[in-house]
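Sequence positions in the sequence shown follow mature numbering (1 follows the signal peptide of the UniProt record, and there is no 0) and run -18 to -1, 1 to 593.
Don't be surprised by glycine CBs; every beta carbon is placed ideally from N, CA and C.
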Amino acid sequence: MLGSNLLLASLALGLASAGLLQEVPAKASTGLLAKRAGEGPNCNGPNDRGCWRSPSPAEPTGFNIDTDSETVWPSNVAQGQTTTTYTLTVAEKTLAPDGDGKLMQVINGVYPGPVIEANWGDVLVIDVVNNLTNNGTSMHWHGVIQANSTTQDGVNGITECPIEPGATRRYTFIATQHGTSWYHSHYSGQYGDGVAGTIKINGPASMKYDEDLGTFPITDWYTDNSYLAGFKSEQGGPPRAKGALINGKMKSAPGPNGKGAYEDVKIEKGKTYRLRLINTSVDMMYKVSLDNHRFSVIAADFVPIKPWNTTWLFMAIGQRYDVVFTANQTSDRYWFRVEVPPGKLCGNNAMSLGAGQHSIFAIFSYLNAPKPNDEPTSKSQETYTVECADEKGMIPVTEKNVTNIFDFKGDATDKMNLVQGTRDKHGRRINSWTINDKEIDIQWENPTLEYLLNNDLPTIQNRPGSNIYTLKEANQFYYWVIQNTGANPHPIHLHGHDFFILGQQADSTFTAAMTNTLQFTNPLRRDVAMLPPKGYLAIAIYTNNPGVWLMHCHIAWHVSQGLGVQFVERPDEILRDQHVGLEAMNSSCAAWDKWYAGTQFKQPDSGLRLF
Ligand SMILES: [Cu+2]
């Protein structure tokens, strides 16, 4: 087991002052909530969600929605920091979330796994126990930037060896950001089979609300287990999902013949609610809405934004949106709708096949609705633009500008050319994906951090399947254009950072002459963005967090088939400044090697997630 009281103590000591990361050069905060009244200790409440901790002699500026949570967070005991502990036990179990029994791999016997809840700045100590029979595991905390704690990122083959059956690994990290996210296995098919749960970090918000309804994950649901679905995807294209689970529930069809049950959320007329939407799918993007109600979006992934209003909201895999809405309609029951935009390679779902087909549903029910047991009769009030593309126009609360010195060369220093191939590493004819002609193909038992620990980075850098890009310089912007040569849109996810989205354009090949079309002034930051079909995604990464960070497509089949790269950021500093060191790396890898030598179940793919 990694971690100890000693490590935890040194971790707390190391955090005596707030803010560990180099701040992005930024303008002064926008002062969205500069004038607020009635602040007191623990000032967050229905009358003031912008406040988190009032100014005091010990904390002259306090903590609020204008605080740049990428660089500053409440971080010692005097500021209310506590240690929050969870144990997550992964095991096989047959569950029937849609009414049909299916052998799953789940956490603590339930799906979704337990909500990990903490306050902004808390230390999270999470023990992951592997009680599976024939599989390792490895737990990733999606969107958590792991400030100076790349060792805790939970990616087998990159930051750790997998946890073998019977073993426990302790993850220790700080909730430096606030908002909504999820955690999931990065090993084999486990996340599609149920090894996933949600994360709720309490903190300030850019808009008032009365009550927090909590996390609301949406995931595609298959008859096949993940291994089989992934295999079919590789051989012949992605299989059709039978539906989608909303907060772990679904009903196969409206009316008396449907199996399973809808998620049914109770709300009270006149109240304003915060709802934390998360797309936890393996192969599906959605448009979501709540009939007759309007959403104000207040956060994109872990980044607070100025309230952005909509009725339909696009959600890529891995993305989160915190939304606020008011129960201001006739007391009744209303459909919450989830649809896959048809004809755009956004996913293939039997419950959402386009116009005239019924949606994937949950129910929001007013407490005094006249027919509390009937299914809603509400209708969608608006249509949506049919596209598989991110929403546009969201503005981060904390303004950060990207230095505009981007001189696009179009070579491997700033371009990633994505091509769909037809061979895997064994030469079999299948779907595969290359970036600059290479598929990622990590080795579970030889994580990149182990090479660093053993002072042998060149070996892993030169290994073709490692797909490593080295970001040497500290506190600089690195610019990347990901160019999509194919018709499939891809949700691109970065570990260790929120990237800046400089541009996204379908059906377009980026050239140096187009640099002046990019947005450098306070662009949206987040950890998942869509790469449009036959187009490009231009991003900037600010190197303020030494570590080894995976960037990959969050369609599980695609990362399985090679769609990923690793950034090795500031390699000389990675081992120096970690909160939790690598003392246990060699022993935990030795334990994995011993178990793996005796199992017949070997790594069949890129090693990342599927299958
Ligand atoms: Cu993809």
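Give the range of the alpha helix (DSSP H) segment to which Cys143 is assigned.
No alpha helix (DSSP H) contains Cys143, which DSSP labels as neither H nor E.
How many angstroms separate the CA atom of Asp423 from the CA atom of Asn261?
Cα-Cα distance, rounded: 26 Å.
Going by DSSP, what residue range makes up the alpha helix (DSSP H) through Ser542?
Taken as a continuous stretch (DSSP letters only), the alpha helix (DSSP H) holding Ser542 covers 538 to 542.
Take Leu(-6) and list the residues in its own chain whose beta-carbon comes closer than 7 Å to its own, dropping the five residues that flank it on each side.
Its pLDDT being 31, under 50, Leu(-6) is placed unreliably by the model, and nothing is read from it.
By alpha-carbon positions, which one of Ser38, Thr53, Glu142 ends up nearest to Val562?
When each option's Cα is compared against that of Val562, the closest is Glu142.
Using C-beta distances below 7 Å, list every residue in its chain close to Gln487, excluding the 5 sequence neighbours before and after it, in chain order.
If we look at Gln487 and ignore the five residues flanking it on each side, its Cβ neighbours are Pro514, Gly517, Tyr518.
Terminal residues of the continuous beta strand (DSSP E) containing Phe213?
That residue, Phe213, is in no beta strand (DSSP E); its alpha helix (DSSP H) goes 208 to 218.
Roughly how many angstroms lie between the CA atoms of residue 597 and Ala282, to the nearest whole one?
Given that the chain is displayed from residue -18 to residue 593, the structure contains no residue 597 and the question cannot be resolved.
If you draw a straight line from the C-alpha of Tyr433 to the C-alpha of Asp80, how long is it?
Tyr433 and Asp80: Cα-Cα distance of roughly 44 Å.
Applying the 10 Å Cβ sphere with the 16-neighbour rule, what's the burial state of residue 607?
Lying outside -18 to 593, the shown extent of the chain, residue 607 is not represented and no answer is given.
Heavy atom of ligand 1 less than 8 Å from the Cβ of Ile424, yes or no?
No, ligand 1 has no heavy atom inside 8 Å of this Cβ.
Provide the residue span of the beta strand (DSSP E) that contains Glu52, from first to last.
Premise fails: Glu52 is in no beta strand (DSSP E) and is neither H nor E.
Would you report the Cα separation of Asn117 and Ile200, rounded to the nearest angstrom?
One C-alpha to the other measures close to 25 Å.
Under 5 Å, CB to any heavy atom of ligand 1. Which residues pass, going along the chain?
Result (chain order): His472, Cys535, Ile537, His540.
Going by CA-CA distance only, name the one from Thr308, Asn207, Phe388, Phe296 that's closest to Tyr366.
Comparing Cα-Cα distances from Tyr366 to each of Thr308, Asn207, Phe388, Phe296, the minimum goes to Phe296.
Taking all protein chains shown into account, decide if Leu439 is buried (16 or more other Cβ within 10 angstroms of its Cβ) or exposed.
With 16 or more Cβ atoms within 10 Å of its Cβ, Leu439 is classed as buried.
Should Thr499 be labelled buried (16 or more other beta-carbon atoms within 10 Å of its own) or exposed?
That one is exposed.
For Thr150, collect the residues of the same chain with a Cβ closer than 8 Å to its Cβ; drop the 5 residues on either side in sequence, then sort them by chain order.
Met(-18), Asp109, Val110, Val111, Asn112.
Over what stretch of residues does the alpha helix (DSSP H) that includes Ala572 continue unbroken?
567 to 579 is the extent of the alpha helix (DSSP H) around Ala572.
Sort Gly83, Gly91, Ser51 by Cα distance to Thr69 and report the nearest one.
For Thr69, the nearest C-alpha among the options comes from Gly91.
Are Arg552 and Leu453 close, meaning C-beta to C-beta below 9 Å?
Contact flag set, yes.
Just the Cα atoms here: how many angstroms apart are Gly54 and Met496?
Note on identity: in this sequence residue 54 is Val, with Gly being the wrong assignment. Their backbone Cα atoms lie some 35 Å apart in a straight line.
Could you give the residue range of the alpha helix (DSSP H) that holds Gly32?
Counting along the chain, Gly32 falls outside any alpha helix (DSSP H), and DSSP gives it neither H nor E.
Would you tell me roughly how many angstroms separate the C-alpha atoms of Asp480 and Gly196, rounded to the nearest one?
For Asp480 and Gly196, the distance between alpha carbons rounds to 23 Å.
Please check the pair Pro220 and Asp265, which I expect to be a contact at CB under 8 Å, by giving their CB distance rounded to whole angstroms.
Contact holds; Cβ gap of about 5 Å.
Short check: CB of Asn120 to CB of Lys248, under 9 Å?
Going by the sequence as given, residue 120 is Ser instead of Asn. No.
Since Gln548 is in the beta strand (DSSP E), which residue starts that stretch and which ends it?
Unbroken beta strand (DSSP E) run through Gln548: 546 to 551.
Once you ignore the five residues that flank Pro473 on each side, which residues in its own chain have a CB closer than 8 Å to its CB?
Same-chain partners within the cutoff: Met267, Ala298, Ile299, Gly300, Gln301, Val510, Ala511, Met512, Leu513, Cys535, His536, Ile537.
So who's on the other strand from Gly161, going by DSSP bridges?
Ile183.
Using the Cβ count rule (16 or more neighbours within 10 Å means buried), how would you classify Phe583?
Its Cβ having fewer than 16 others within 10 Å, Phe583 is exposed.
In three-state terms, what does DSSP make of Pro473?
Pro473: strand per DSSP, three-state reduction.
Which residue comes first and which comes last in the alpha helix (DSSP H) that contains Gln87?
First-last for Gln87: 84 to 89, but that is the beta strand (DSSP E), not the alpha helix (DSSP H).
Go ahead and pull the three-state DSSP assignment for Ile424.
Reduced to three states, the DSSP call for Ile424 is coil.
For the alpha helix (DSSP H) holding Asp175, just list the boundary residues, first then last.
Element bounds for Asp175: 172 to 175.
Is it buried or exposed for Arg558, if we count other Cβ within 10 angstroms and need 16 for buried?
Answer is exposed; the Cβ neighbour count stays below 16.
Roughly how many angstroms separate the alpha carbons of Val305 and Ser278, rounded to a whole number?
The alpha-carbon atoms of Val305 and Ser278 are separated by roughly 5 Å.
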